[in-house]
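Q: Which chain is which? The protein sequence lines are A and B, in order.
Take the first sequence: its letter number 20 is residue 20 in the numbering used here, and every next letter is one higher.
Residues are numbered in the numbering used here as their position in the second sequence, beginning at 1, plus a constant of 1000.
Glycine included, C-beta positions come from ideal geometry on N, C-alpha and C.
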Amino acid sequence: MALAFDEYGRPFIILREQDQKTRLRGIDAQKANIAAGKAVARILRSSLGPKGMDKMLQGPDGDVTITNDGATILEQMDVDNQIAKLMVELSRSQDYEIGDGTTGVVVMAGALLEQAERQLDRGIHPIRIAEGYEMASRVAVEHLERISQKFEFDINNFEPLVQTCMTTLSSKIVNRCKRSLAEIAVKAVLAVADLERRDVNLDLIKVEGKVGGKLEDTELIYGILVDKDMSHPQMPKRIEDAHIAILTCPFEPPKPKTKHKVDIDTVEKFELLRKQEQQYFDEMVKKCKDVGATLVICQWGFDDEANHLLMHRNLPAVRWVGGVELELIAIATGGRIVPRFQELTTEKLGKAGLVREKSFGTTKERMLYIEHCANSRAVTIFIRGGNKMMIEETKRSIHDALCVARNLIRNKSIVYGGGAAEIACSLAVDAAADKYPGVEQYAIRAFAEALDSVPMALAENSGLQPIETLSAVKSQQIKENIPFYGIDCNDVGTNDMRDQNVFETLIGKQQQILLATQVVKMILKIDDVISNAEY
Amino acid sequence: IDKIFKDDAMEEKGERARMASFIGAMAVADLVKSTLGPKGMDKILQSTGRGHSVTVTNDGATILKSLHIDNPAAKVLVDISKVQDDEVGDGTTSVVVLAGELLREAEKLVASKIHPMTIIAGYRMAAECARDALLKRVIDNKENPEKFRSDLLKIAMTTLCSKILSQDKEHFAEMAVDAVFRLKGSTNLEAIQIIKKPGGSLRDSFLDEGFILDKKIGLGQPKRIENAKILVANTAMDTDKVKIYGARVRVDSMTKVAEIEGAEKEKMKDKVNKILAHGINCFVNRQLIYNFPEELFADAGVLAIEHADFEGIERLGLVTGGEIASTFDNPESVKLGHCKLIEEIMIGEDKLIHFSGVEMGQACSIVLRGASHHVLDEAERSLHDALCVLSQTVNDSRVLLGGGWPEMVMAKEVDELARKTAGKKSHAIEAFSRALVAIPTTISDNAGLDSAELVAQLRAEHHNEGCNAGIDVISGAVGDMEERGIYEAFKVKQAVLLSATEAAEMILRVDEIITCAPRRREDRM
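(1) Grab the span of the beta strand (DSSP E) containing A:S426 for me, first residue to last.
(2) Decide yes or no for the touch test of the region 1378–1385 of chain B against the region 1055–1070 of chain B: beta carbon pairs closer than 8 Å, at least 3 of them.
(3) By the 10 Å Cβ neighbour count, where 16 or more other Cβ atoms means buried, how is A:T545 classified, buried or exposed?
(4) Taking 7 Å as the CB-CB limit, is B:V1083 close to chain A?
(5) Would you mind sorting B:E1209 into buried or exposed? The rule is 16 or more other CB atoms within 10 Å of its CB.
(6) Can you grab the Cα-Cα spacing for the pair A:I205 / A:S171, in whole Å?
(7) Could you name the residues of the same chain whose beta carbon sits closer than 7 Å to that of B:A1176, not counting the 5 residues immediately before and after it, in chain order?
(8) On the DSSP letters alone, give me the boundaries of the alpha helix (DSSP H) that B:F1297 sits inside.
(9) From which residue to which residue does the alpha helix (DSSP H) around A:C298 run?
(10) Taking the alpha carbon of B:L1231 as the point to measure from, which residue in B:S1326, B:I1192, B:V1180 and B:G1200 has its own alpha carbon closest?
(11) According to a CB-to-CB cut-off of less than 7 Å, which residues of the region 57–90 of chain A neighbour chain B?
(12) Distance cutoff 7 Å, beta carbons only. Does A:Q234 sit that close to anything in chain B?
(13) Taking the continuous beta strand (DSSP E) assigned at A:S413, which residues delimit it?
(14) Give the DSSP-derived three-state secondary structure of B:P1518 in the structure shown.
(15) Helix, strand or coil for A:T517 per DSSP?
(16) Could you pull out every residue in the same chain whose Cβ sits closer than 8 Å to the Cβ of B:L1449, ignoring the five residues on either side in sequence?
(17) Looking at B:D1090 and B:V1399, is the spacing between their C-beta atoms short of 7 Å?
(18) Using a Cβ-Cβ cut-off of 6 Å (strictly less than) and excluding sequence neighbours within five positions of A:T346, which residues of its own chain qualify?
(19) Could you tell me whether any Cβ in chain B is nearer than 7 Å to the Cβ of A:M166?
(20) Give me the subset of the region 187–211 of chain A whose CB atoms are less than 9 Å from a CB atom of chain B, sorted by chain position.
(21) Interface residues of chain A around B:I1324 at Cβ under 8 Å?
(22) Indicate the three-state DSSP secondary structure (helix, strand or coil) for A:Y133 in the structure shown.
(23) Given a cut-off of 7 Å, decide if B:V1302 and B:F1283 are closer than it, judged by their beta-carbon atoms.
(24) Does any residue of chain A have a CB that is nearer than 7 Å to the CB of B:T1320?
(25) Output, in sequence order along the chain, the residues in the region 21–52 of chain A whose CB is closer than 7 Å to any CB in chain B.
(26) Answer with buried or exposed for A:F5, where buried requires no fewer than 16 other C-beta atoms within 10 angstroms of its C-beta.
(27) Strictly by DSSP, which residues pair up with A:F302?
(28) What is the C-beta distance between B:Q1494 and B:V1478, in whole angstroms, given that I count them as a contact (C-beta under 8 Å)?
(29) Can you tell me the Cα-Cα spacing of B:P1293 and B:A1233, whole angstroms?
(30) Could you give the distance in angstroms between the alpha-carbon of A:G101 and the alpha-carbon of B:S1162?
(31) Shortest alpha-carbon distance to B:R1250 belongs to which of A:I246, A:L247, A:D263 and A:D95?
(32) Check the Cβ of B:C1516 against every Cβ in chain A and list those closer than 8 Å, keeping chain order.
(33) Using 7 Å as the threshold, is the C-beta distance between B:I1069 and B:L1213 below it?
(34) From the DSSP output, in three-state form, read off A:Y96 for me.
(35) Have a look at the DSSP bridge pairing and note the partners of B:E1343.
(36) Within 8 Å, do at least three Cβ pairs link the region 1044–1055 of chain B to the region 1111–1122 of chain B?
Shown next, in the form of structure tokens:
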């Protein structure tokens, strides 16, 4: 009620400009919210699994993205509805936290909402549903823990890791060469991983893409790739055993921060200044040369004169290198970023075994490879592909694979994919439901039903009969009491996911269930939607 | 229910989405289809910009680049054609036509209830098989320089015969091959300068063995220098500014101004003297040379060329072997460029500077002559295509026969694979081979020949092992491609095959198109 009366019977307005707002309350609000959430989930549903389809998105500026990565689809979709935005957030947080399973989490949330709607129609209070879901999710997460398996690998035997990454990649367009890409991703992660602390800093892996060539040419470079060329066209294109000075100061006369003016009023001063200036350049170059640098990488530009002096003294240089790249170079080569020429010392130089310039295609595009670095803890994945969209999609896929490998290093537990984990959870939740007295029981059962929708979508996308397949697999799991049976998406002929080598990380799956439950709870708790009318 | 998207946003699902992308992609493919092959037609493109400038071309990449396309699937095709252009330079039309044909076949399969994923799986197998088939039949003449050169010549002629230059293709092929050999394996085509001068006929175009700079010689300076020593520089030759930040001139009397001006002049003079101390007789600068230093150079009898553009400078550095200098304090250590003769020459009405007898010769100039700007532009594009292909072939020397031969070879292998494959995939593999045959069909259609007859003949010929038959458009019959000297680069064909399949796959995988609301431009009043 937007209008209330005070004790004297005078009306006062609680919500201003009532007639310009649309307002939904009570059960209608919940219904509308659920409908919006379901609509988002329905869009993603067909992208799930190895046979999932892609979406083509045309951005506001006419740029085209083709992807089946849930987080990217939702991000680019530019939704207007508030609840739909919540779903977008949901997939994004899965992306930040885990990096993979962004589609699954939204499909899961959609299924939970659908079940909630049915319970609402039965007259169960939304809070009771939410609480039931909460209990069920706890059961499911615990059950996942139980059925999870430790997964053994070490630096020499990373085959299991490759297998897991291949599962992730098989749903992407790049599955043509998933083997080589998975290997690249695993090697990259292992190169930067700190196995002692079980930590992986993905920032050390740079993913660089260049249009042209083919996907098979994608390579892992133990070093850094910089999309720049030497500042002077006649500098050497190949430097072995380079000592790199990493500078963040320009090869220019100093510009003190305080305001100042140098007045020239006599000829002598003019001459003096001129001399001074020349000296500056000379000193700078000399300084670099003296400490033994054989390559200068600079964040800023050079003056023409400085450029020539460098060239002249046989000191190759790269200019306008971005800040992030500069940091990576510093990490990889073990050098220090030097902000002033005065502070340049021999110890601060980075070392790399080989620096070379490589040109591509028919256009004048060159890139600088810095390889065999002193500290090989920074690597670059260099992606080639037929077109821009392909490269972008490969980047996203590689990112997913990297995240999966990282998660496995952090936590070695895995569960089996292909819907096997969901079916197992569904069975466990269903069994647990009967133990709860009260209305929540129904909500818990609904949760179990919602869990089934993921394998169902998988079967549907793979062109199988969803209900038939699901019930067959389910009965098989109960009969043999083995939680490894899933949907045979690739038509291999076996339902045993251990044979198919389809794993997912335990934390990824747990996170999916927890995040989806949380969002659904949030949506269920809303009973009033007030939105401003269009202006 | 509430809509989840913003106003104006569109969403197309399932069949409709697929249809929209098929139609868009096929429309683009059909658009450029008629330009394929030696008898392909040109298109006139009129820009909407000021002047409504007109381009006449049959280069697929150029046509597609100038189109304003709204269909997202069509944009994918435009993109692959652009990448093809950047990567190998030629085959920009073929790649779009092949992708279009693949989608056309896919549409039929989808209509007969085959799932897109199955089609993709089939296409992938087929593409792999087609590539292997090509690899088996490549010819590599790297060891034999003479044969390699003749291969290159033939490739250049094949590329050029579909372009405006086809009348003089031998002439231009020679030119392109010579130019590419100059590069010695580098793929940096910037080192080949193409100068366009209207007038004369295309036949008058030539490759200069030296280097031509499109500049004039300063006034009062020698017009002809023998045994030139050249200093290539990039330095300011106006008043040299003091670069120290915050410096400014503040004087209190007129005499002081004069003094400083004098000092400035003195400084300039110093610089010129330093430059002269290198013992040069030609000075080329990237930046402007003002009147005063120009006069000084003229006095010293040095040829000074100003305002050569950056690439010009780099090329000059490459041909003459000189170092691009910006400081002039140590004359002994700067490498100077050398050439036998610098002279001013006239082409048409324009005076150009000609460097001949150069040392390194890693860059060169091609002078194109022709009746109009349109002709010249198109000639440049054609020549560029040829140069790109050649420079790529120099690195990857494998070649194939042309004239629809590679497509027929691939189609035959793919057909055989289809027969061996079990399951629904075999339909897709068969469709792939049909799409491949569409290219020779289009070539003969464009030439006004009876394509059904010719392609059937070709297919029969190809049934024999090791056959070299292709479509000879000139005589209008099936002929031996090796005898006719029609060759193509393997790299181009492979790139066409792979990117077309990749693009088709990408479009097939889509089952939903979401178009965001166009960004609103702020109304600024």
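A: Reading from the atomic positions:
(1) It is not in any beta strand (DSSP E) - A:S426 instead sits in the alpha helix (DSSP H) that spans A420 to A433.
(2) yes
(3) For chain A, the structure presents residues 1 to 535; residue 545 of chain A sits outside this window and is missing.
(4) yes
(5) exposed
(6) 23 Å
(7) A1156, L1383, A1386, L1387 and L1390
(8) N1291 to D1299
(9) No alpha helix (DSSP H) holds A:C298; the beta strand (DSSP E) holding it covers L295 to C298.
(10) B:S1326
(11) L57, Q58, G59, P60, D61, V64, I66, M77, D78, V79, D80, N81 and A84
(12) yes
(13) S413 to Y416
(14) coil
(15) helix
(16) I1471, V1473 and G1476
(17) no
(18) V291 and G292
(19) no
(20) V211
(21) H232, P233, Q234, H308 and M311
(22) helix
(23) yes
(24) no
(25) A32, A35, A36, A39, V40, I43, S46 and K51
(26) exposed
(27) A:F251
(28) Rounded, the Cβ-Cβ distance is 25 Å, inconsistent with contact.
(29) 14 Å
(30) 50 Å
(31) A:D263
(32) L57, Q58, G59, P60, Q76, M77 and D78
(33) no
(34) helix
(35) B:R1224 and B:H1354
(36) no
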